[in-house]
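Numbering (full-length UniProt numbering), first residue to last: 1 to 1087.
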Amino acid sequence: MSSPTTSSVSKRRRVIIESSDEEDEAPALSKEKAEAVNKHDPVRQNGKKINEAADESPLEMSVVSQVNEAFEDETVSWTHLSLPFLEPSKIKDINGRRPDHPEYDPHTLYVPEEFKTKQTPGMRQWWELKSRYSDVILFFKVGKFYEMYHMDAMIGVKELGLVFMKGNFAHCGFPEVAFPRMADQLVRKGYKIARIEQTESIDAMNERCKRKSSSEKVVRREVCQLITPGTCTASTRSEISDVKAVETGDVENDDESFRDLINLANPDSFLLAVVESHGNKSYPFAFGIGLLNASTGKINIGQFLDDRHCSRLRTFLSHHPPNQLLIERGTAGVAIKSLIKTSLSCVPTEFLTPTKQFWSAKNTVQELETADYFPKRMSNITVDSNHVSKVSSFPDKESWPDVLLNMLSEDDPLGRTVKSEWELAFRCLGALIYYLRYCLIDREVLSLGFIDVYVPIDMKNANSQRSPGSIELFYDTQSQMVLDSITLSNLDIIRNNVDGSQEGSLLQRLNTCCTFFGRRLLRQWITAPPCNPNVIRQRQLAIENLISISDIIPKLRDKLAQLPDLERLITKIHLLGSKGDKNHPDSRAIIFEEVQYSRKNITDFVATLDGFELSYKIIHEINHYSLSSAYLKKLVTLTSLSGNFPDISEKINYFKNAFDAEKAKNEGRIIPEPGIDPEYDESVSEIKRIVEDMDRFLLKWSKTFGTRLAYWGTGRNRYQIEIPESLASRVPNSWQLSSQRKGVKRYTCSETQEWLSELTAAEERKDASLRSIMQHIFSSFSESFTEWHMAMSCLAELDCLIALSSYSTNASDVMCLPEFIDLNSSTKPLLEIVDGIHPCLINTFSGGDIIPNDIKLGTTSSMIYSPTQHHTLRDTFNNVSVILVTGPNMGGKSTLMRQAALLVILAHLGCRIPAKSCKLTPVDRIFSRLGASDRMLSGESTFLVELSETASILHHITPHSLVLMDELGRGTSTHDGSALAGAVVSYLAKPNGRFFDGCGPRTLFSTHYHSLVDQVANTDPSTSDEDVNHLCIGLGHMSCMVEAESESTNDLENITFLYKFIPGACPKSYGFNAARLAMLPDKVRVS
1 MSSPTTSSVS
11 KRRRVIIESS
21 DEEDEAPALS
31 KEKAEAVNKH
41 DPVRQNGKKI
51 NEAADESPLE
61 MSVVSQVNEA
71 FEDETVSWTH
81 LSLPFLEPSK
91 IKDINGRRPD
101 HPEYDPHTLY
111 VPEEFKTKQT
121 PGMRQWWELK
131 SRYSDVILFF
141 KVGKFYEMYH
151 MDAMIGVKEL
161 GLVFMKGNFA
171 HCGFPEVAFP
181 RMADQLVRKG
191 YKIARIEQTE
201 SIDAMNERCK
211 RKSSSEKVVR
221 REVCQLITPG
231 TCTASTRSEI
241 SDVKAVETGD
251 VENDDESFRD
261 LINLANPDSF
271 LLAVVESHGN
281 KSYPFAFGIG
291 LLNASTGKIN
301 IGQFLDDRHC
311 SRLRTFLSHH
321 PPNQLLIERG
331 TAGVAIKSLI
341 KTSLSCVPTE
351 FLTPTKQFWS
361 AKNTVQELET
371 ADYFPKRMSN
381 ITVDSNHVSK
391 VSSFPDKESW
401 PDVLLNMLSE
411 DDPLGRTVKS
421 EWELAFRCLG
431 ALIYYLRYCL
441 IDREVLSLGF
451 IDVYVPIDMK
461 NANSQRSPGS
471 IELFYDTQSQ
481 MVLDSITLSN
491 LDIIRNNVDG
501 SQEGSLLQRL
511 NTCCTFFGRR
521 LLRQWITAPP
531 CNPNVIRQRQ
541 LAIENLISIS
551 DIIPKLRDKL
561 AQLPDLERLI
571 TKIHLLGSKG
581 DKNHPDSRAI
591 IFEEVQYSRK
601 NITDFVATLD
611 GFELSYKIIH
621 EINHYSLSSA
631 YLKKLVTLTS
641 LSGNFPDISE
651 KINYFKNAFD
661 AEKAKNEGRI
671 IPEPGIDPEY
681 DESVSEIKRI
691 VEDMDRFLLK
701 WSKTFGTRLA
711 YWGTGRNRYQ
721 IEIPESLASR
731 VPNSWQLSSQ
741 RKGVKRYTCS
751 ETQEWLSELT
761 AAEERKDASL
771 RSIMQHIFSS
781 FSESFTEWHM
791 AMSCLAELDC
801 LIALSSYSTN
811 ASDVMCLPEF
821 IDLNSSTKPL
831 LEIVDGIHPC
841 LINTFSGGDI
851 IPNDIKLGTT
861 SSMIYSPTQH
871 HTLRDTFNNV
881 SVILVTGPNM
891 GGKSTLMRQA
901 ALLVILAHLG
911 CRIPAKSCKL
921 TPVDRIFSRL
931 GASDRMLSGE
941 STFLVELSET
951 ASILHHITPH
961 SLVLMDELGR
971 GTSTHDGSAL
981 AGAVVSYLAK
991 PNGRFFDGCG
1001 PRTLFSTHYH
1011 SLVDQVANTD
1021 PSTSDEDVNH
1031 LCIGLGHMSC
1041 MVEAESESTN
1051 DLENITFLYK
1061 FIPGACPKSY
1071 GFNAARLAML
1081 PDKVRVS
């Protein structure tokens, strides 16, 4: 809850908004007066609101309500600002506990009963809800409007640009149809929203309160949904399919605003639960994590040990930046507290009560058993042998996801005990389930059963297998390269370090995907590239195959660009299909714009079917060409033909023929075709039979009376038989006169009354079927969720491969396909790049301005390229695993180091790289120690940060790592800094037997300590000194041309940077040249 300001007086503008509140409505403004209001009101001009929110689109600035009357600005004291129980010194939770109480609940508020009794029925109802949801913005439904009161109204005016309504208390609102936009804007800014609906009609209220006084009459309202930054599921009130890449323009548009629109149109919403425990001596921390991607419904849970720097947890956070954090109150350890103060300082955090809200592992199992979230397994889901064994062990949990079953102990026949190595993970799952239940979306999300296990990339894969007698290779147990949070930031892989945008990042250069789900997958590929050479070669072959059939790529891209966001759409359809719980408040909600919402949901469903239908055309079109890549061919081949793409054509046809799509989108309801809904078909057949019987009955009596008879009436008075008054004497005695008019009498009989009763019942069944048919169809669609998701995944991979092939052909004039060398007992780590170019600088300068450079780290032995003009560099650096990089300030040392790492990442992605040639062994991890900054919030100086990052590198390096270290030791004295830098270089060159015989990891180490350079350069090759091994350390520098400014001042030189990396050491750093470029005063430079 927002605390009141120190002043109880606020200056504000008041207008009356047309509403269906219980209060009297104000008369409408005249046209002339309304125009005058718009002219003088700074919030409303030309019929539109001025955009006050930084992230609000101009398309979202339409007026949300009609202005009826306006008042001049005046100074008024808001009611809530003077309420004693809202003063910070007097605030209590709903149980009367102050904030310093250990069990204080910050989500609730104490509101005195004597205060509530003085309120109107509607306002009393609002305060009762606010006392239970004090930290939530209440969207309080009043008729067709959502209203915001008191402190919530203040936020609505400030953040949404709304205007105050008349009254002595803060009050604003907006129409029901604006809910998705308003909620989205507040949630993006970190607020929590509660959607409160009327759950009974006025007639029902009058019946319930007929013996109560008017002061006690108020329609029942309930919280139907809570939306938080981490639980933004697909909205049931807005379209997902209305934003398509093809509609936003050319997918190759380089405009950053365009790309931000594409990438941020539907951002992921991550809810993270994390708990900390004690580890062991090597890994002092143990973490459990539970991550919900609310946009797709996927849950990842995991448990792992971590070092003192929390390297694994920080890497996880960089790959999955959370929008909201769940922490166990009172038990957060040192590591989590430090992260909350630093890396996660801007993330909204919820502190949950231990056991009651942050469940134990045992309580989580019990809650899962009781709630029965997971539906029965579908026949289309493949059940592996592991799951079969679990089913026999825990027969009452046969519908549970395999991931959860594998975490239960076999020693407990009831399956209610969690294995110790997964206890923290299950606790985090319990926190997620509790919070989803708190937000009233637990059943919708968990019924997907979309749960997976998270294992840190650098942890060994226990399920990996290798043939007996073979050596253990790191990529047999580690499938992906590790790029930690520091490396992702230092190399500008996802965002740049200047303004945090994607401009100039590796992701921006590669991201020409046409689909939203393809872009999300490409981001995952870039942050965790494969490191198994066999996997990389498969991807290389697929990309080369696409390059060979480049004539069809534009057509494929056009079709892919027409696909909606299928990943989120199938999740939304599942959520809609699972809303059949009659106990959920939403099932009782009175929605005035239900037809409009239904239109949007039907439009999304039809777009999903059209998207999957188009996907069939895409795979059939590409299959007409010769595909030499087995990986690519499998992606676009049906499962019935031993491929990966599911055969969903029959399902698509079934749902497309289930109803008239255009009619459904126009009317906002689905009328099923025969054979789709048995209950509907039965009721329609029953109605038809009854009508035919009644028609035959009428025809029979028409013949008897000798005249044409007709039925008359509507509703329950239907089917009265009209008899001419002249024939009334012939009417059977059993018929009853029901009404008459001049010349005609109307009768009913037992037959027509019985048929009418049957007809009314059949029509009610038909209407009930129509009301639930959309939910039934969506539920039926979601039964094949696994197949729909597999089809989407194949399309996403195809989209990513096409994007990489586009980069491979268009990035530079000179591109090469990297050659990966398999590791074996005689192979040494190698990285050899000839004429490499920084991949993010291509197209930034004119072609001739980029200087290509060579990099050679490791031993080539017999694998050396044929001699070329580059032989000097490669011969000099043969058998070298560490290169000391020197050169003038601003000479390009850091750029060279980043270039080497980015080219390695590109090589592991499987695409061509901007270089003449490249040969390397797989890299398991890239470490980087670049730049300098302190961590003020955690109390770490610049030098301590440097050493902490260096220590993490030295503890985790392997012979297959790539290390970048830039000017280590500059944060302290020259003596101490050079000593530390020298010791670190020696350790990296020969890590004292930590690894197999040979040198350490491939390392680029830039420095301005020329004493260190001299020490390496003057080392006697015959020495046995283990501190410096000249065979593993080489010297290279960024070349430059030096000219003295004048003959008398030799210290002031003009430096021309050549940006060429050559062997040897640079004699000086030429810092005065940098001072001249920075325009330091001449007196400073000369002195």
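Every residue, glycine too, gets a C-beta built ideally from N, C-alpha and C.
By the criterion of at least three beta-carbon pairs nearer than 8 angstroms, the region 797-805 is not in contact with the region 967-987. Under DSSP, M182 takes part in no beta bridge, so it has no partner. Between D604 and I227, the gap from beta carbon to beta carbon reaches 8 angstroms or more. In this structure, L795 keeps its C-beta atom at 8 angstroms or more from the C-beta atom of T921. From the listed residues L436, D647, Y597, the smallest Cα separation to M774 is found for Y597.
Residue environment for C999: buried (at least 16 other C-beta atoms within 10 angstroms of its C-beta).
For L160 and F174, the gap between their C-alpha atoms comes out near 10 angstroms.
For the pair of segments examined, the region 922-932 was found to touch the region 480-497: the number of CB pairs separated by less than 8 angstroms reaches three. Between A286 and the set R308, Y1070, K210, the nearest pair of CA atoms involves R308. For M205, the CB contacts under 6 angstroms within the same chain, skipping 5 residues up- and downstream, are V219 in chain order. Below 8 angstroms, too few C-beta pairs join the region 620-634 and the region 681-696 to call them touching: fewer than three. The residue among E207, T349, V744, E667 with its C-alpha nearest the C-alpha of H107 is T349.
No Cβ-Cβ contact shorter than 8 angstroms links I957 with A989. The beta carbon of I155 lies closer than 8 angstroms to those of S2, I137, M148, L186, Y191 in the same chain, with the five residues before and after it left out. The three-state secondary structure of L1058, taken from DSSP, is strand.
Note that the C-beta distance between E679 and S769 is below 8 angstroms. In terms of CA proximity to W788, D565 leads the group H624, D565, L902, S269. Burial is judged here by how many other beta carbons sit within 10 angstroms of a residue's own beta carbon; N733 has fewer than 16 and is exposed.
Along the region 655-736, the alpha helix (DSSP H) occurs as fully enclosed runs of 4 or more residues at 661-667, 678-705, listed in sequence order. 8 angstroms or more divides the Cβ of T296 from the Cβ of T608. Between S447 and R312, the alpha-carbon positions lie close to 30 angstroms from each other. Boundaries of the beta strand (DSSP E) harbouring E276: 270-278, taken from the DSSP string.
In this structure, DSSP gives R195 an extended state, which the three-state scheme calls strand. Excluding the 5 residues flanking it on each side, S505 has same chain C-beta neighbours closer than 8 angstroms at D492, I493, I494, R495, N496, C840, in chain order. In this structure, G577 is the residue among G577, G230, E276, H319 with its C-alpha nearest to the C-alpha of E444. Distance check between L909 and each of T527, I552, L884, T859 places T527 closest, using alpha-carbon atoms only. Counting C-beta atoms within 10 angstroms of its own C-beta, V223 has 16 or more neighbours from the protein chains shown and is therefore classed as buried. In the same chain as S649, and ignoring 5 residues on each side of it, the C-beta atoms closer than 7 angstroms to its own belong to Y616, in chain order.
Secondary structure note for G982: its alpha helix (DSSP H) is the uninterrupted segment 974-989. Runs of the alpha helix (DSSP H) lying entirely within the region 419-469, each at least 4 residues long, are 423-438, 442-446 in chain order. By the C-beta criterion, the region 113-128 is judged not to be in contact with the region 94-105, since fewer than 3 inter-stretch pairs fall below 8 angstroms.
If you check the CB distance, K665 and R599 come in under 8 angstroms.
If the five residues before and after C439 are omitted, its C-beta is found closer than 6 angstroms to the C-beta atoms of L226, T231, all from its own chain and listed in chain order. Counting C-beta pairs with one atom in each stretch, the region 398-406 and the region 275-289 have fewer than three that are closer than 8 angstroms, which means they do not touch.
By the Cβ-count criterion, N545 is buried, with 16 or more other Cβ atoms from all chains shown falling within 10 Å of its own Cβ. Excluding the 5 residues flanking it on each side, S1069 has same chain C-beta neighbours closer than 7 angstroms at P888, N889, H1008, in chain order.
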